[in-house]
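Trainee: Take a look at this one; I'll ask things after.
There are 2 protein chains.
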Amino acid sequence: MYIRELSKPDGRKLNLYSRRPIAWDIPPSLLEAPPGANPHLRWHPLRGEWVAYAAYRQTRTFLPPPEYNPFAPSNDPVHPTELPRGDYDMAVFDNRFPALTGSAHDPPESLVDTLPARGQCEVVVFTQDPEGALGRLPLDQIELLLEIWSHRTEVLERRGDVRYVLPFENRGAEVGVTLHHPHGQIYAYPFVPPIPQAMHENEAAHFELARTPLLQDLIGAEVQSGERVLYQGREAIAFVPACARYPYEVWVAPITAVASFFDLTPGQRADLACALKTVLLKYDGLWQRPFPYLMAWYQAPLDGNPHPEVHLHAEFYPPYRSQDRLKYLAGTELAAGMFANDALPEEKARELQAVAVKW
Amino acid sequence: MYIRELSKPDGRKLNLYSRRPIAWDIPPSLLEAPPGANPHLRWHPLRGEWVAYAAYRQTRTFLPPPEYNPFAPSNDPVHPTELPRGDYDMAVFDNRFPALTGSAHDPPESLVDTLPARGQCEVVVFTQDPEGALGRLPLDQIELLLEIWSHRTEVLERRGDVRYVLPFENRGAEVGVTLHHPHGQIYAYPFVPPIPQAMHENEAAHFELARTPLLQDLIGAEVQSGERVLYQGREAIAFVPACARYPYEVWVAPITAVASFFDLTPGQRADLACALKTVLLKYDGLWQRPFPYLMAWYQAPLDGNPHPEVHLHAEFYPPYRSQDRLKYLAGTELAAGMFANDALPEEKARELQAVAVKW
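Protein sequence lines, in the order shown, are assigned to chains A and B. Anchor point for the first sequence: position 111 equals 934 in our numbering, and the numbering is continuous, going up by one each time. Anchor point for the second sequence: position 131 equals 954 in our numbering, and the numbering is continuous, going up by one each time.
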C-alpha cells in the first residue's frame, strides 16, 4: 500500500492510497470547507447517550447534478473538487461538514450536560470512477480498502482522543445518500457509541463464561448449519444471520475472531475481500439494479486493552423487504427497539444464494 | 366513556368506544384475518435483544385505493371491512397481521434461542372519517383516546403475559404508513423492550439519588428556561427537548410525574389533550400540509411494582429536517446509535412556537 499525505488549502487532511507508487507532483485539491464547524454533544438523560449537534450541516451538498460532483478528480481552480487528478486508487479526506471534529470547542450551556463534539469524520472515496461500485472493484482494490480502514484506525488511535472507529457506507437514495460517487465514511468517536458498547458487553459476558468469542461461536453454528451461508472461504464467511433484523441483512467476518482491522492476516484480508465482493455482487444481481444498503464494520474499542472477545465484522442493513417495498423503521423498531421482520432469514438467504455471481 | 366489546367472525376482538352510549344492535364487522398467524421471537446474542418474525405479514394490505379502505365503517358482506356502521367515536381491534399474538406457539428450532411471539398487536381507529386527523378531533375525543389507552393497558395487563404496553401512531407515507385512515397501534410485549428498559434504568438511577423523577426534573428545567416550550398548561406541557435527536422532536407530558395512563387525573388528562392537540396543529400548520411523524407513548412496565421514577410521556419523531428534506437514519444513527442532528432544538422550537394555532 502506498500513501500520500496532503493538506488542503483549508487545513483539512487528504490522503491518497494506491496499490502502486503515487507520483510526487500531485497537488492537493482546492475545494474548501465553510469555516466555523464547531459541533457539540448534549447528554440525553432518559436514553443515557450523547447526541451530536452540527447545525451548519443543513447547507451540505444535496444530490448535485453530475457536472458538480465534488468527488470527481479535478485540478480546475474555478470549479474545485475534493480530489486532485493523478494515478491513485482511493482517497480519504476530512468531511467538509463534520458531526465530530478535533477542533470542536466551547460547547453552549444547556440544561443537559454538553461537551465539544471531538472526534473525526472522514470520507473514503472508493474509486475515481463516479459510475463505479465497491462490488465491481478488482479484488486487490477491495483488499486495499481493508488496509486503508486499518491505517485510518491506527492514525485515529494515535490522536489519543478517539475511543471508537466505525467505517461505514450508506449506499442509495433510499438511505439518504446525497452523492452517488462510490464512497464510504469513517466516524471516529470520543466515546464508545451505544450499539458497539452493547455488543462488547454481550461479547465480554459470553467470553467470561465460554472462553471463546461470541460471534466466532455463532459463526461456527452457521457453518455447521450452512442454511444461511452466502460465501464460505478458508478464512472468511458471509451469511444471513439467524437473528437478522432486516430482511436482507448480511454479516461478513473472518471465521476466526480478530479484534480489529490491524489484526487481520494477509490471508484473512484476501478472503474477506472475496466474501465482501460476493455479497455486493449478489445484492446487485438480485434485482439487476444497484442494491441500497447501510454497511457498517464493527471492531474493538481503542482503550489500550486487548479484546479477545471482540470479533471484527461487517453488518449490512438493506432498506428493502422485497423488490418494490421498503422496510420502514417505525413504532416498534424506533420507539421500542424490537425489530419486527416480515421475512424469515432462511427465505432471504435462499434468494441471495440463488443469485449467480460472475467476477 | 362507553365501551362495546364484540368478537369478529374470525375470533378477533373488536372494541367500540364512545363519549355517548352505544346502540346495542351494532353487529361486528366481517373482514376476516388470514389464518395461521404464528409469529416467533429469536434472540439476537450480539445486541442482546429479541427480534420478532412474522413472515405472513409480507402479504399485508398496502396503500389500497380509497374504495378498499379496510377501516371504513361498512356492513357490506361482499366488501367487508374492520369496522361496522354505527354511532361510536373510536374502535380498537386485533391487528390482522400481528407481530405478537397470544396464540403464538411452537417456535422453530434455531441456532439462537427462540420463543413464541406472545403478546398483542391492536389497531386504534381514531375517527370514522377517513379524511380526518388526530389533531383535528374535538378535545373531548382526544381525551377519550387517553382513556382508551388507559383501558387497553388495563385489559392487556389482566392477560398476565404482557410486560409492556406501547401505544403509537405512525403517520404519513414517509414513515411507511400503508393505510391513511387516521389510526394508531398498540403493541403489548411479553418483555420490556430495550428502549423503555434503558429509560427505566436511567430513571431509576436518578430517582435513587435525587428522590425525584428524572423527566419531572427535566421538565422543571424546561419550564424555567421556557426557550423550547410549545404549550404549557396547569397540568401538561409540550416542548422540544434540549437533547432532541430528531430536528422536530417534541415531547408531551404531564408536568407532575405519573407512571401510567391509568394514574392520570381527569385534570391532567384534559390538559394533556390540549397539549397534544396544540402540537398536532402546530405540526400541520408549519408547512400547511399533513406533517408525518412517529408518536410513541412511554409508561411504566407491567410488573406489579409501583414506579414512582417513571414519567408517562409521548415522544414525536418526525422524519423531516426541513420542508423538503428528510432526515435519514444512516451510519451513525443505525450502526453506532449516536444521533447527529443538523438543527439546534432551540431553532426548531422557535419555528414551531411561531405557528399560530386556531382551534
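Glycine residues also receive a C-beta, built at the ideal position from the N, C-alpha and C atoms. Note that this is a predicted model, so its numbers are computed, not measured.
1. Just verifying my parser: in three-state terms, what is the DSSP assignment at Asp917(A)?
2. What in chain A is Cβ-close to Leu1157(B), meaning under 7 Å?
3. To the nearest angstrom, report how far apart Gly995(B) and His1023(A) are at their CA atoms.
4. For Trp1110(A), return the contacting residues in chain B, with the cut-off set at a CB-CB distance below 9 Å.
5. Using a threshold of 9 Å, state whether the C-beta atoms of Thr1155(B) and Phe991(A) are closer than that.
6. Evaluate Asp1094(B) with the Cβ neighbour count: other Cβ atoms within 10 Å of its Cβ, from every protein chain shown; 16 or more gives buried, anything less gives exposed.
7. If we count the other Cβ atoms within 10 Å of its Cβ and call it buried at 16 or more, is Tyr891(A) buried or exposed?
8. What would DSSP say about Phe1014(A), mapped onto helix, strand or coil?
9. Between the segment 839 to 858 of chain B and the segment 1038 to 1055 of chain A, are three or more C-beta pairs nearer than 8 Å?
10. Is the segment 1160 to 1174 of chain A in contact with the segment 1027 to 1037 of chain B, if contact means three or more CB pairs nearer than 8 Å?
11. Taking Ile826(A) as the reference, which of Arg835(A), Pro832(A), Asp833(A) and Arg842(A) has the closest Cα?
12. From the DSSP secondary-structure annotation, give me the bridge partner or partners of Gln1055(A).
13. Quick check: what's the CA-CA separation for Trp1110(B) versus Thr1101(B)?
14. Rounded to whole angstroms, what is the Cα-Cα separation between Leu829(A) and Leu938(A)?
15. Taking 8 Å as the cut-off, does the segment 1056 to 1064 of chain A touch the segment 898 to 910 of chain B (at least 3 CB pairs, one atom from each stretch)?
16. What residue range does the beta strand (DSSP E) around Cys944(B) cover?
17. Along chain B, in chain order, which residues have C-beta atoms closer than 9 Å to that of Ile1243(A)?
18. Taking DSSP as the reference, what is the three-state secondary structure of Tyr1116(A)?
19. Identify which residue in Gly871(A), Leu864(A) and Ala1011(A) has its Cα closest to the Cα of Asn918(A).
20. Could you tell me the alpha carbon to alpha carbon distance between His902(A) and Ile849(A), rounded to whole angstroms?
21. For Pro862(A) and Leu967(B), what's the separation of their Cα atoms in angstroms?
22. Give the straight-line distance between the Cα atoms of Ala1179(A) and Gly958(A), rounded to the nearest whole angstrom.
23. Quick check on Lys1150(B): does DSSP put it in helix, strand or coil?
24. Give the secondary structure of Trp1182(A) by DSSP, where H, G and I count as helix, E and B as strand, and everything else as coil.
25. Under 8 Å Cβ-Cβ, which residues of chain E neighbour Gln1008(A)?
26. Anyone know if the C-beta pair for Gln951(A) and Asp912(A) falls short of 9 Å?
27. For the segment 907 to 941 of chain A, which residues have a beta carbon sitting closer than 8 Å to at least one beta carbon of chain B?
28. Hey, how far is the Cα of Gln1039(B) from the Cα of Pro1070(B)?
29. Beta-carbon within less than 8 Å of Ala875(B)'s beta-carbon, same chain only, minus the 5 sequence neighbours each way: which residues are those?
30. Could you run through the segment 985 to 1003 of chain A and flag, in chain order, every residue whose CB is less than 7 Å away from some CB of chain B?
31. Can Ala1076(B) and Ala1137(B) be called in contact, C-beta distance under 9 Å?
32. Kindly list the residues whose CB is nearer than 6 Å to the CB of Leu1175(A), restricted to its own chain and excluding five residues on each side of it in sequence; keep chain order.
33. Is the separation between the beta-carbon of Phe791(B) and that of Thr904(B) shorter than 9 Å?
34. On the three-state DSSP scale, how would you describe Phe885(A)?
35. Determine, using beta carbons only, whether Val1015(B) and Asp833(B) come nearer to each other than 9 Å.
36. Suppose contacts are defined by Cβ-Cβ distances below 9 Å. Is His1134(A) in contact with Val1063(A) by that definition?
Mentor: For this structure:
1. Taking the first residue of the first sequence as position 1, residue 917(A) is located at position 94. Asp917(A): strand per DSSP, three-state reduction.
2. Reading the second sequence from its first residue, position 334 is the one you call residue 1157(B). Under the 7 Å cutoff, chain A gives Leu1117 and Tyr1140.
3. Along the second sequence, read from residue 1 onward, the residue named residue 995(B) stands at position 172. Along the first sequence, read from residue 1 onward, the residue named residue 1023(A) stands at position 200. Rounded to the nearest angstrom, the two C-alpha atoms are 37 Å apart.
4. Counting from one through the first sequence, the residue named residue 1110(A) turns up at place 287. The premise fails here: Trp1110(A) is roughly 16 Å from chain B at the closest Cβ pair, so nothing lies under 9 Å.
5. Residue mapping note: residue 1155(B) aligns to position 332 of the second sequence, counting from 1. Residue mapping note: residue 991(A) aligns to position 168 of the first sequence, counting from 1. The answer is yes: Cβ separation under 9 Å.
6. Position 271 of the second sequence, counting from 1, holds the residue named residue 1094(B). Asp1094(B) is buried by the Cβ-count criterion.
7. On the first sequence, position 68 is the one that residue 891(A) refers to. Label assigned to Tyr891(A): exposed.
8. Looking up residue 1014(A) in the first sequence gives position 191. Three-state result, Phe1014(A): coil.
9. no
10. no
11. Walking along the first sequence from the start, residue 826(A) turns up at place 3. Ranking the options by Cα distance to Ile826(A), first place goes to Arg842(A).
12. To locate residue 1055(A), count along the first sequence from 1; it is residue 232. DSSP lists Ile1060(A) as partners of Gln1055(A).
13. Here residue 1110(B) refers to the residue found at position 287 when the second sequence is read from its first residue. Here residue 1101(B) refers to the residue found at position 278 when the second sequence is read from its first residue. Approximately 15 Å, taken between the alpha carbons.
14. Numbered from its first residue, the first sequence carries residue 829(A) at position 6. Numbered from its first residue, the first sequence carries residue 938(A) at position 115. Rounded to the nearest angstrom, the two C-alpha atoms are 30 Å apart.
15. no
16. By one-based count along the second sequence, residue 944(B) stands at place 121. Run containing Cys944(B): Gln943 to Val948, per the beta strand (DSSP E) assignment.
17. The displayed coordinates of chain A run from 824 to 1182. Any statement about residue 1243(A) would go beyond what the structure contains.
18. Mapped onto the first sequence, residue 1116(A) falls at position 293. Strand at Tyr1116(A).
19. Here residue 918(A) refers to the residue found at position 95 when the first sequence is read from its first residue. Considering only alpha carbons, the answer is Ala1011(A).
20. As a position in the first sequence, residue 902(A) is number 79, starting the count at 1. As a position in the first sequence, residue 849(A) is number 26, starting the count at 1. Straight-line Cα distance between these residues: approximately 18 Å.
21. Along the first sequence, one-based indexing puts residue 862(A) at 39. Along the second sequence, one-based indexing puts residue 967(B) at 144. Taking the straight line from one Cα to the other gives about 43 Å.
22. Position 356 of the first sequence, counting from 1, holds the residue named residue 1179(A). Position 135 of the first sequence, counting from 1, holds the residue named residue 958(A). So the alpha carbons of these two residues sit roughly 14 Å apart.
23. Taking the second sequence and counting its residues from 1, the one referred to as residue 1150(B) is at position 327. Coil, per DSSP.
24. Within the first sequence, numbered from 1, the residue matching residue 1182(A) stands at position 359. In the structure shown, Trp1182(A) sits in coil (DSSP, three-state: anything other than H, G, I, E or B).
25. Within the model displayed, chain E is absent; protein chains A and B are what it includes.
26. The residue labelled residue 951(A) in the question sits at position 128 within the first sequence. The residue labelled residue 912(A) in the question sits at position 89 within the first sequence. Closer than 9 Å, so yes.
27. Ala922, Ser933, Leu934 and Val935
28. Indexing the second sequence from 1 puts residue 1039(B) at position 216. Indexing the second sequence from 1 puts residue 1070(B) at position 247. Using only the alpha carbons, I get a separation of about 23 Å.
29. If you number the second sequence from 1, residue 875(B) lands on position 52. Answer for Ala875(B): Pro862, His863, Leu864, Ala922, Leu923 and Ala940, listed in chain order.
30. Leu989, Phe991, Asn993, Val998 and Gly999
31. By one-based count along the second sequence, residue 1076(B) stands at place 253. By one-based count along the second sequence, residue 1137(B) stands at place 314. The answer is yes: Cβ separation under 9 Å.
32. Here the question's residue 1175(A) lines up with position 352 in the first sequence. Only Leu1053 and Lys1105 meet the Cβ criterion.
33. The requested residue 791(B) is not part of the displayed model; chain B covers only 824 to 1182.
34. Translated into the one-based positions of the first sequence, residue 885(A) becomes position 62. Any answer about Phe885(A) is weak, because its pLDDT of 48 lies below 50 and its placement is not dependable; what the coordinates show is given next. Correct three-state label for Phe885(A): coil.
35. Sequence index remark: in the second sequence, residue 1015(B) carries index 192 (1-based). Sequence index remark: in the second sequence, residue 833(B) carries index 10 (1-based). Taking 9 Å as the Cβ cut-off, Val1015(B) and Asp833(B) do not qualify as a contacting pair.
36. As a working mapping, residue 1134(A) is identified with position 311 in the first sequence. As a working mapping, residue 1063(A) is identified with position 240 in the first sequence. It is not a contact, given that the beta carbons lie outside the stated cut-off.
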